Amino acid sequence: MKMSQSPWMLHYDGSSCNGCDIEVLASTTPVYDLERFGIINTGDPKHADIFLITGGINYQNRSVVQQLYSQMPDPKVVVAVGICACDGGIFKDCYNILGGVDKVIPVDVYVPGCAARPESIIDGVVRALDLLEIKRDRMRRGLSPEEQGWAIANINEGRTGKAVRKRDESVSGGNKA
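Following our numbering, the numbering of the sequence shown begins with 3 at its first residue and continues without gaps.
Structure representation (structure tokens):
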């Protein structure tokens, strides 16, 4: 992780019980200190490099999430925090829930859990920083976002040594999921 500038992170809460939001806030306290990685929280998507989303996507917030994502400059990384953001969670079968974040925008890092622990959130953000650096490097080489490929990191899979699901071998190693 060799960032030349501090990455900015935008946090958005979709449809959730707010358990993951509390854990995101806990990860910024001195006990866990997510900000030691130089991350700056922002409320403006035009400054954000990392889009951290908690909660599932419903019909009302779908367009908001898409609009926030489209306003972020390239390269950008999306982190889905909590099982609700990953696949809809306990609200998945509700009439108004579309599912996880990946139903409306591409997700780079999944951090499962109900609620996701601060340690897992920090691990996911560190993986997002690595992916952001890879995407920045590819942009410097003149590749468009579509040509850059993508990688999905699942925090639990990374810890157990299983391969990370991916489409681009150069991002996450040589093992196939």
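Quick reminder that beta carbons are idealized off the backbone N, C-alpha and C, glycines included. Small disclaimer: the values here were computed from a predicted structure and weren't measured.
Residue i burial status per 10 Å Cβ neighbour count (16 or more: buried)
i: I92; result: exposed
i: L70; result: buried
i: G40; result: exposed
i: G45; result: exposed
i: I24; result: exposed
i: V80; result: buried
i: V66; result: exposed
i: R142; result: exposed
Straight-line gap, residue i to residue j (C-alpha atoms, nearest Å)
i: G90; j: V26; result: 18 angstroms
i: S122; j: N63; result: 25 angstroms
i: K78; j: F53; result: 7 angstroms
i: G144; j: I136; result: 13 angstroms
i: S17; j: V111; result: 19 angstroms
i: A87; j: V103; result: 5 angstroms
i: P108; j: V33; result: 31 angstroms
i: D95; j: V106; result: 17 angstroms
i: L133; j: Y97; result: 34 angstroms
i: R129; j: N20; result: 23 angstroms
i: S8; j: D15; result: 23 angstroms
i: I99; j: R140; result: 35 angstroms
Same chain only: Cβ atoms within 8 angstroms of residue i, ignoring 5 sequence neighbours per side
i: K48; result: Q73, M74 and P75
Reduced DSSP category for residue i - H, G, I as helix; E, B as strand; rest coil
i: Y61; result: coil
i: S17; result: strand
i: M11; result: strand
i: A117; result: coil
i: Y112; result: strand
i: A87; result: helix
i: A50; result: coil
i: G126; result: helix
i: V103; result: helix
i: D33; result: The sequence shown places Val at residue 33, not Asp. Note: V33 maps to coil in three-state DSSP.
Nearest candidate by alpha-carbon position, reference residue i, set the options
i: V127; options: D15, G21, N20 and I42; result: I42
i: G101; options: I124, V66, L131 and N60; result: N60
i: P114; options: Y14, Q7, S8 and G58; result: G58
Beta-carbon proximity list for residue i, same chain, < 6 angstroms, skipping 5 on both sides
i: C22; result: T56, V83, G84, A117 and A118
i: W10; result: I42, T44, H49, A50 and D51
i: L36; result: S29, T30 and I124
i: R38; result: none
Contacting residues, own chain, Cβ-Cβ under 7 angstroms from residue i (five flanking each side not counted)
i: Q68; result: V106 and I107
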